[in-house]
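Down below is the structure, laid out as structure tokens.
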Amino acid sequence: MNWLDLQYLGIIGRKGRIPIWFNFIKNNLLSSSSSSLLLSLYYINSSFTLASPCLLDHTVKDYHFYPQWAINLDSATQTLSVGRVCITYKKQNSAIMSHWLPVSTSADERTCNPCPGCALNIPALSRKSAIKQRCNSEKCFFNVILSDTMGYPTRNAKVFAAYLPITLSTSWSFATSLALVHLTNPPSTASFTLSPPVKNGIEAVVLPPSVQSLYTDGSFRPAKDSLSSSMASAWIALDDDGFILESSSMHLPSCFPSALRSEIYAVLLGLNALSHDSSISIYTDCSQLISLWTRLVDSPFSPKLLREPNHLLWLFIRQLIMDRNLKVDLIKVPAHGDDIYNIQADSLAKDAHSSLQPTVSPLAFCYAPCLLTFNSLPIDMNIRHFLRSIADARALLSFCSLARFTALGSLSLFDWAGIYFCLSQIKGFASHKNGRSEFWIFRIKLLLDMLPTLTTLQQRKPYLYSPDWLCPQCNSAPEDLNYLWTCPYILPDLNPCLTHRSEIIKFRDSCLSSFSTLKPLDITFQIGFFALDCWDYDSPSPSCLWLTRGLLPAHLTAFLHQHFPLSVIYKIISPLLNNFQVELYGEIWLCQNVLFHAWEESQGISAASKLHGPYTNFSSFATSSQKHNSSLATVSQDSWISWISSSIIRGDHGSRTWIFCAT
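End of the sequence shown sits at 1981 in this note's numbering; the numbers just go up one at a time, nothing left out.
What follows is the structure, encoded as structure tokens:
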């Protein structure tokens, strides 16, 4: 199915370009670009289609000329043919059909030409008066079995006598796959059914017809420390005198765990125990459940249901009510009130957490016409969100496999999930000068080692920046990314090395303070935390330099994970890392940009010279730069402080700010 097919079905609008998510599905989830089949990793019930079959108009009288675009399946050769059914003979279960050929073998092809004549052609058919008068453009006609013929999903496409190709509304792949589903599946098997193993996966409890009400409750325990999340549910069945007839509780599969899901499970399991034609009142203390019930169960079915979390459970509930002809009324009871039955249901659900892990498969609760699974687990969430998570995972895999990261060592040195979380929290930073998100660009280029340091500029523009030049501030070593934080340039308030050390200490102490507020931590935690290699700012250590870039060392999160869940670790470290890099941006990078701009001017490098290519004659400039090459350390401190102050007041951040925004 391509984008035009969806437009024909009215699922999407007729304007705008094809979105990225649709191309992602075609390129990553289908077995091939010319196939409508999902990869084996995914599974969808083959008896379900989003589109209804396109049927021929059987109200047309026999022997009358009434052309309809159609697809025929030859049961002997198992081949499909496209054309126009011209005359039907319903009593004989046959029809006369013209033969058309797609102009190419592409699965997305929609244009067809009339067949000039082939082995299917029966010359006598073209001599019939009705066909001879009205089918001047078509030369090939043959007999087809009417029951093996489906309508082609297209709007009226008239054939003119100019032998011009016809462009139909939907693609060849969509039309043929839709026809095959309905021609190869008899009506008795087209409706979905559950296999016996799935039906038997849930304990069969059949309540007597005297049951008048159900009390349901769910229980959810989120993940804590080393314990994973857990869900349980319970229900109590009462007769009209208020006597308890039956009760049940279950430890549920921890698939998409949430408090709401446990409440839905409780109602579903209670309904599953009812007999046919039951009328039941369900008491629950979950207001959200009642609100969703009104919208998703009491209302007519809408495809928007598939966007909802837990849509498979809601489909199961709808199908149970329909199959068993149930009449259900939901009643709200106060949570944690004095209702003894609600208290008992709540107690049963909580006690079920201590029972054995569930042996029933999550698929046992999926009684739906359309079931998409991933690695044998049902996808009971918004399908778009699921596809987006796959795209994010693949993008992260490609990102962490970049050569600039693999050159640092094994990928296991870094916590990529934490790095991704920190990146996803970036909201941008507007400069006071022109509103550009300069800090956001700084963080990304810092992570990728793409900041325009002198070493980087020497590699990009060797004709402009001599490879022999050293750090403009200290003139003692090449200025690469790591040297930005270790440069010993001596100015009391502008010493990069001392600034970096103080910010590392502040970052470390802020992390310790934030984690200590969550729960009491003994002195051994502080000693072990301070001893981590990523806080070694004296050398500094490689992991300390990685952390400065935003590459979370794996040993840092591994140590913290002994005491806190990863989700908590990421939520605490992310804003602190952002604040740490804000200080580096303001205290080191912007100040060095100002100094670097002045140094460039002293070397005769102007803005105009940066715009020219390597073939421009800069001989006079090169001679001048070699003669006057010097570091900023030779300039008096007072003059530099005055120059920097005036530059900041003017809002001039120097050429390197311009470079990393423009490159």
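All C-beta atoms in this analysis are idealised placements derived from N, C-alpha and C, irrespective of residue type, glycine included. All values derive from a computational prediction rather than experimental measurement.
With respect to the 8 Å criterion, residue 1658 and residue 1868 are not classified as neighbours on the basis of their beta carbons. For a cut-off of 8 Å, the C-beta gap from residue 1634 to residue 1586 is around 6 Å, short enough to register as a contact. The residue from 1790, 1767, 1831, 1667 with its alpha-carbon nearest to that of residue 1913 is 1790. With fewer than 16 other Cβ atoms from the protein chains shown falling within 10 Å of its own Cβ, residue 1436 counts as exposed. Under the three-state reduction of DSSP, residue 1744 is assigned to coil, being neither helix nor strand.
As computed with DSSP, residue 1557 is found in a beta bridge with 1529. Remark: fewer than three beta-carbon pairs, one from each stretch, lie closer than 8 Å, so the stretch 1715-1732 and the stretch 1645-1662 are not flagged as touching.
Counting only the Cα atoms, residue 1590 lies some 46 Å from residue 1378. Annotation for residue 1564: the continuous beta strand (DSSP E) segment containing it runs 1562-1570.
With fewer than 16 other beta carbons inside 10 angstroms of its own, residue 1562 counts as exposed. Counting C-beta atoms within 10 angstroms of its own C-beta, residue 1850 has 16 or more neighbours from the protein chains shown and is therefore classed as buried. About 18 Å separates the CB atoms of residue 1577 and residue 1883; that is not less than 8 Å, and the two are not in contact. As the crow flies, the alpha-carbon of residue 1918 is around 25 Å from that of residue 1901. Residue pairing of residue 1545 in beta bridges, as defined by DSSP: 1542. Counted as a single uninterrupted DSSP element, the stretch harbouring residue 1398 is not any alpha helix (DSSP H) but the beta strand (DSSP E) occupying residues 1397-1407. Note that the C-beta distance between residue 1814 and residue 1805 is below 8 Å.
The beta carbons of residue 1771 and residue 1798 sit closer together than 8 Å.
Excluding sequence positions up to five before and after residue 1477, its CB lies within less than 6 Å of the CB of 1455, all in the same chain and listed in chain order.
For residue 1760, the enclosing alpha helix (DSSP H) starts and ends at 1756-1765. Residue pairing from DSSP places residue 1650 in a beta bridge opposite 1602. If the five residues before and after residue 1785 are omitted, its C-beta is found closer than 6 Å to the C-beta atoms of 1776, all from its own chain and listed in chain order.
For the set 1735, 1911, 1403, the Cα lying nearest the Cα of residue 1886 is the one of 1735. Of the candidates 1862, 1613, 1526, 1638, the residue whose Cα lies closest to the Cα of residue 1626 is 1613. Residue state for residue 1889 is assigned as helix, using DSSP reduced to three classes.
In terms of Cβ geometry, residue 1546 and residue 1572 form a close pair [threshold 8 Å]. Here DSSP, grouped into helix, strand and coil, assigns residue 1807 to coil.
Around the beta-carbon of residue 1769, 16 or more other beta-carbon atoms lie within 10 Å, marking it buried. Residue 1470 is positioned such that its CB atom lies no closer than 8 Å to that of residue 1550.
Contact holds between the stretch 1449-1466 and the stretch 1382-1401, because three or more Cβ pairs, one in each stretch, are under 8 Å apart. In chain order, 1594 place their CB closer than 6 Å to the CB of residue 1642, counting only its own chain and leaving out the 5 sequence neighbours on each side. Contact between residue 1670 and residue 1565 is absent: CB atoms are separated by about 11 Å, not below the 8 Å threshold.
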